[in-house]
Amino acid sequence: MRLTKLALATTALVGLATGAAQAEISDGVIKIGVLNDRSGLYADLSGEGSVVAARMAVEDFGGDLQVEILSADHQNKPDVGSSIARQWIDQDGVDLIIDVPTSSVALAVQQVTSDTDTAFISSGAATTALTNDQCAPTFVHWTYDTYALSVGTGKAVVEQGGDSWFFLTADYAFGHQLEADTKRVVEENGGQVVGQVRHPLSTTDFSSFLLQAQSSGAKVIGLANAGGDTTNAIKQANSFGIVQGGQQLAALLGFITDVHALGLDVAQGLTLTTGFYWDRTDESREFSERFGERMNGQMPTMVHAGVYSAVAHYLKAAAEIDDDGGKAVVDQMKTVPVNDFFAENGEIRADGRMIHDMYLVQVKTPEESEKPWDYYNILATIPAAEAFQPLEQSTCSLVTN
Amino acid sequence: MQTILGIPAPLLFGQLLIGLINGAFYALLSLGLAVIFGVLNVINFAHGALYMMGAFVGWFLLTHLGIGYWPALVLAPLVVGAIGIVIERTMLSRLYDLDHLYGLLLTFGLALIIEGLFINYYGVSGQPYAPPQALQGGYNLGFMFLPAYRGWVIVASLIVCFGTWLLIERTQLGAYLRAAVERPELVRAFGINVPLMMTLTYGFAVALAGFAGILAAPVYTVSPIMGQNLIIVVFAIVVIGGLGSILGSIVTGLGIGLVEGLTRTFWPEASSTVVFVIMAIVLILRPHGLFGRPRE
Amino acid sequence: MSEAVMNLRSRGGRRATSWILAAIGLAIIIVAPLIGLYPVFLMKLMCFALFACAFNLMLGYVGLLSFGHAAFFGMGAYVAGHAVKVWGVTTVLGIFGGAVVAGIMGLVFGAIAIRQKGIYFAMITLALAQMVYFFCLQAPFTHGEDGIQGIPRGTILGLVDLRNSLAMYYFVAAIFLAGFLVVYRTIHSPFGQTLKGIRENEARMVSLGYPVARFKVLAFTISATLTGLAGATKAIVFQTATLTDVHWHMSGEVVLMTLIGGMGTIFGPVVGAGIIITLQNYLATMGSWVTVVMGTIFVICVLTFRRGVVGEILARLK
Amino acid sequence: MSDRPAILEVRDLHAWYGESHILHGVNFAVGEGEVVSLLGRNGAGKTTTLRAIMGLVGRRTGAIKHRGDEIVSLTPDRIARRGIAYCPEERGIFASLTVEENLMLPPVVQPGGLPVEEIYELFPNLKERRTGASGTRLSGGEQQMLAIGRILRTGAKLLLLDEPTEGLAPVIVQQIGASVRRLRDLGFTILLVEQNFHFAARLADRHYVIEHGVVVDRYSRDDINQRMGELNKLLGV
């Protein structure tokens, strides 16, 4: 609290001084630290791609701002992540930390950035705690969260007739939350949940769980897990003929890189919610192709696209107020809507949630796919207002106070 | 419908069958570990990484050279075995006179290197690998749908396990191996080139891991981290069976597969912990494992 | 006679050297943050150094490789974090509680595992630690993969505000030194001598009538307690306690630290922790190469200098 | 020196285990078809001499000539392949192998080994225990017979026997003595390490006495009775 006040005071001072001095950006350079997983489970969906996206955003911004990009691997370890963040801020003068997948690391970084008035935008983290109990005035949650994923998929699938569900849930808080959120949405929309099975994290063999799902007779099997667990479950569901048997798979957290890893043969028919699909509009195609040129033809995930969009928006705001204080820039960011290839009329709410449209997509069959990375049919657009947790439900102190 | 302990019988049989399939993988991997421990006195922490390599060799052959599953089933173990031979000659063989902790630590380091390199080049999302044409589809067994490929996994792994067992327990070569486990020096003084035999044994045992890897490629995602979690479970199995016991590792591998299958039915959350619980209990009651005998 | 004198003299010399070393070490610890070294980094280093020293007590002095020390480290962190954050106990008490719980776990683990030796001991400690890991994954108070976050650093008796980096630093330094002293005293006590005797020739110690198993369990308990202390302190420094701390990779890391520094030497684990933590810090920008580099160090260590950095230096000095 | 051509000639043999220097220049020779014994107190270096010949010590220097060829730098398996067989003091019966597997274990290195039937003839006890049982279920005497029996198959002509009578009942010792004599008659050359001087005296053509890692004296069969007094002193009997 004391620190926040201090930060406010500093910001006020800076605000007063802006009129007199020209550059109030500390040491004349804006430093952006891309902190994510570069060696583990989330390296493909964030990793180097996020660094490339951030660099593109800086290049595209042009202008006379001097911007530097740093990157580091937090190895999915909260202590590694938070010590890198601290060191960046204390020693290198980093002004913005971006990306940070893995909830535990993002929460640890949140602690550091809010104590030091540094801006923090998460594109890769999923937990809604970042905009609830653990929210901070220096923070923006850009791309997605567990609520958006579960609401998107849960509601849209039920509306399309998938009204009985069986959950395959990773047995830890993330999975439980995803399951609970989706279950609520499914039931609110008139569907029913006929059962669920909790599997241990990092299970290699899903066949027994799939067998239980199969014998439940549910129309939809919701995969409330992530990463390798999701891809393995989908791959094995395919070999047990689950989709062919008339059941539908819904991945509650799936990325285009997962689909790529599985191949369309296996992943076809899968429904999932995403914040971005590269082949949706001309603008998104244009960005993605430039991205692909630098990434051996890989198309951006929603996390990569989110990083670009967030960095661009941050730079605009920082240039506008000519300041790099965390709260100051984030406050400025909140006043301007986000309009780019990633989000149309996106809006950053008081709790730090950037709300934008989400898309329910279904993976194409190999026959439908006409070119590399041509993977999704967009089934529905979930409007920003419905996709995210309503502001009045937020337990964030910035909202409740 | 008939039920057993509240679980419909067909579901239970299905789970047991699936447990057996997993057990088949466990048996292949733990067999290799047991052979390596028995003959070289090394706990091979790199086994998981080499298993992963087997899957990757298969994927590489298919994607870059257009070589399909069946040739890969032979080539992948050969490649992995050759890598194993290099590892044994250049590094492991220097450690035999030392405490076996050093072997464990060396192979732990090797596992980190191998996995790190693969992550660097291929990422962690994994690569697709489809089962061969002949083994696509499956059979309806009445109580469950058995994918043909999984049936093949059981058959192939049982054949290889049983073959290895025969080789070790029923042939002259196996007698050399068993004798060398007890007194390598004396066996050498009988005129047998024990160091060469150790090299080949390591090569063979990691080739088994490579075989398990290519066998697993169509079932699981081919990913650099596929061996990471498996290896710990397989360790536990070898310890339960009794370090160095060939038969023990095979039987325990299959057994643990079944127990896991049952646990998944009755208490899914505990299914990956159950093996460690069993291990702790076994070690308390029988300090040398179910089939092991004390060694000096 | 003259031999005895020589012996005495050299032992006196060695004692003087270690006093000098200790004085230098203390001076470095006091001055380090003042000459611009980064306090958070130093605190992390000290936590892991203490962890490695505690681990080394088992590996280096009893000759037992525990592959499950992460359980104590992580549990210490969780207990301290939960106590301070949720129950609102003072920081010192929270850390103390973490250490005590880890110690009790050590007693239980020790009682179960101590009959085993070598690889079997490593494996059973690994099995027990895996159970702890799954417990932590399941138990509500650990908050699953989010971990316990935002643990307040609090104050010392309401006097010193630990949110101040420097204050926190000297607090951690005090804990580290206290822990290090306990390790040192343990090794250089009759108890420590007995442990060494057990490592050299267990059968002989049994025949001399020493309750060998009880000695080992006691050593294991001390080691676990100090490990818990290190974990609890780390939780306060970083204000988080998460699953990483209980994962078996953590158990592997501490082995690496001890090995590279020199097992069975007093300062080895400290040096080893320093090297590994520094590497982790500076290689963080290299992505997955970190793993490769660490693995390479492991391999080089095992193949060429098994005595570790400190062990090698000591051997050269002889 | 004997009139027969030397099958084994050892000159200035030094051997080390780790840092400890055990043999300090051993010299002796064994002629074709002879039975030669190495005598000495416990720890004098007799066993080490046999192990050094087989290449089973940490380091060795000097000259070991087998049928005129230098073998001091060869590995144990190469030495064995030249036709030298070793029967260790602790017998080395493999617990994980059956009696028959133990017997059949050493590979044939040269033509002319004894057929299995002949080995069973030599040691009838083994034939009865042949099947089923693990090698270590045998009695001490049977184990010793198995240990000697299994190196007869290989075609090796030079046998190194380390204390074949240790810890055995007198009746078994007699039986083994008879077998050794029979082996000599069959043309085997035997280098014997013994504590049991009386056993050795009846069997061996010549004796060497080793003390502190060097050969300090040698006796022919005929010398023995006359020089019994000094020999007893040397051996500390």
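Chains as they are written, first to last, in the numbering used here: chain A, 1 to 401; chain B, 1001 to 1296; chain C, 2001 to 2318; chain D, 3001 to 3237.
Idealized CB from N, CA, C, for every residue including glycine.
What you are looking at is a predicted structure, and each value in this text was computed from that prediction instead of being measured.
- The beta carbon of L2065 (chain C) sits closer than 7 Å to some beta carbon of chain B.
- Chain-order list of chain A residues neighbouring F2238 (chain C): P78, D79, S82, S83 and A108, by C-beta distance under 8 Å.
- Taking C-alpha positions only, A1156 (chain B) is separated from L1029 (chain B) by approximately 13 Å.
- If you look at E3009 (chain D), you'll find it in the beta strand (DSSP E) that goes A3006 to Y3017.
- CA-to-CA, the gap between T1263 (chain B) and E2312 (chain C) works out to about 50 Å.
- Among the CB atoms of chain B, none fall inside 7 Å of the CB of I2151 (chain C).
- In terms of beta-carbon proximity, I1154 (chain B) stays away from the interface with chain A, with every pair separated by 7 Å or more.
- By the rule that beta-carbons nearer than 7 Å mark a contact, R3130 (chain D) does not touch chain B.
- Contiguous beta strand (DSSP E) elements confined to the stretch 1138 to 1178 of chain B occur at 1138 to 1140 and 1145 to 1147, taking only those with 3 or more residues.
- Taking all protein chains shown into account, Y1139 (chain B) has fewer than 16 neighbouring C-beta atoms within 10 Å of its C-beta and is therefore exposed.
- The Cβ-Cβ distance between T153 (chain A) and T301 (chain A) does not fall below 7 Å.
- Residue contact with chain B for E3009 (chain D): absent (no Cβ-Cβ distance below 7 Å to any residue of chain B).
- Going by beta carbons, S114 (chain A) and T138 (chain A) fall inside the 7 Å limit.
- Chain-ordered, the chain A residues with CB closer than 7 Å to the CB of A1130 (chain B) read D265.
- The Cβ neighbour count for P2140 (chain C), taken over all protein chains shown within 10 Å, is under 16; the residue is labelled exposed.
- Within a 10 Å sphere around the beta-carbon of Y1121 (chain B) sit fewer than 16 other beta-carbons, which makes this residue exposed.
- When only Cα atoms are considered, V112 (chain A) and I1225 (chain B) end up about 31 Å apart.
- With the criterion set as a beta carbon lying under 7 Å from some beta carbon of chain B, the members of the stretch 3050 to 3081 of chain D are M3054, L3056, P3076, D3077, A3080 and R3081, in sequence order.
- Nearest to H74 (chain A) by alpha-carbon distance, out of A:G49, A:E187, A:H141 and A:A43, is A:A43.
- R2316 (chain C): member of the alpha helix (DSSP H) spanning G2308 to L2317, first to last residue.
- In summary, the residues of the stretch 2139 to 2165 of chain C whose CB is separated from some CB of chain A by less than 7 Å are H2143, G2144, E2145, D2146, G2147, Q2149 and G2150, in the order they occur in the chain.
- Using a CB distance cut-off of 7 Å, T1221 (chain B) counts as an interface residue toward chain A.
- Annotation: Cβ neighbours of T127 (chain A) in chain C (cutoff 7 Å, chain order): D2146.
- L1011 (chain B) reaches chain A at L211, Q212 and S215, counting residues in chain order whose Cβ is nearer than 8 Å.
- Taking 8 Å as the upper bound for CB-CB distance, G2110 (chain C) and F2238 (chain C) are not in contact here, some 28 Å apart.
- Of the candidates B:R1188, B:L1208 and B:A1111, B:L1208 places its Cα closest to the Cα of P1077 (chain B).
- In this chain, the beta strand (DSSP E) harbouring H199 (chain A) covers Q192 to H199.
- Residue pairing for A2241 (chain C): DSSP places it in a beta bridge opposite C:I2148.
- Approximately 6 Å separates the beta-carbon atoms of N1022 (chain B) and E1260 (chain B); this is inside 8 Å, confirming the contact.
- Around E283 (chain A), the same chain offers D340 and F341 as residues with beta carbons nearer than 8 Å, after the five sequence neighbours per side are excluded.
- Taking 8 Å as the Cβ-Cβ cut-off, the stretch 2247 to 2265 of chain C has no residue approaching chain A.
- DSSP places F167 (chain A) in the uninterrupted beta strand (DSSP E) bounded by S164 to A170.
- At a Cβ-Cβ threshold of 7 Å, Y2133 (chain C) and A2241 (chain C) do not count as neighbours.
- Fewer than three Cβ pairs drawn from the stretch 2093 to 2101 of chain C and the stretch 1064 to 1079 of chain B lie within less than 8 Å of each other, which leaves the two stretches out of contact.
- Between L201 (chain A) and L252 (chain A) a beta carbon distance of about 15 Å is seen, past the 8 Å cut, so the two are scored as non-contacting.
- Between the alpha carbons of I2198 (chain C) and V2182 (chain C) lies a gap of roughly 20 Å.
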